[in-house]
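Inspection log for the structure reproduced underneath, given as structure tokens.
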Amino acid sequence: MVRGAVLAGGAARRYGGHPKGLVELGGRRILDRVVDAVRTATDEPPVLIANAPDGPTWRPELRTIPDVRPGSGSLGGIHTAIVSGAGPVLCVAWDMPFVTIELLRALLEGSTGWDACGRSASTPM
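Note that the sequence shown covers residues 4 to 128 in my numbering.
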């Protein structure tokens with residue numbers, strides 16, 4: 004079984020410091036859209052990787068984990084997600100409002116037998 008992790012990091016300088024995943028789009032926070040997609044794709048609630056002091060309040064029902072190595076950027080969040088439990092993990096950034104369940108399932112299917120899997124813009128789904 005694959006675990007899910009939502010990476011809630013970044014300084015949000017272009018957002019005036021407002022956490023990107025908390026921005027509402029179409030009446031829903033981006034974070035909620037991403038959590039729902041990851042939960043559906045993995046059949047379990049994801050962990051939330053967040054360093055912000057109020058991170059645990061964003062989705063109180065989720066386990067919130069701070070970076071093992073703060074200041075390491077996205078790779079630090081991925082590292083934290085990997086070491087937070089056993090088995091493979093699907094990592095998704097929290098500022099992707101249009102991520103689809105179909106894309107996440109395609110990533111999971113394409114990851115069989117590999118240590119890492121990703122899609123580029125030129126890779127057809």
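We put the beta carbon where it would ideally sit given N, CA and C, even for glycine.
Quickly, what does DSSP pair I68 with across the bridge? List them, please. I52
Considering only their Cβ atoms, is the gap separating V5 from V37 smaller than 8 angstroms? no
Can you tell me the Cα-Cα spacing of P22 and D98, whole angstroms? 9 angstroms
Give the range of the alpha helix (DSSP H) segment to which G1 is assigned. This structure cannot settle anything about residue 1, because the visible part of the chain is limited to 4 through 128.
Rounded to the nearest angstrom, what separates E112 and A44 at their Cα positions? 11 angstroms
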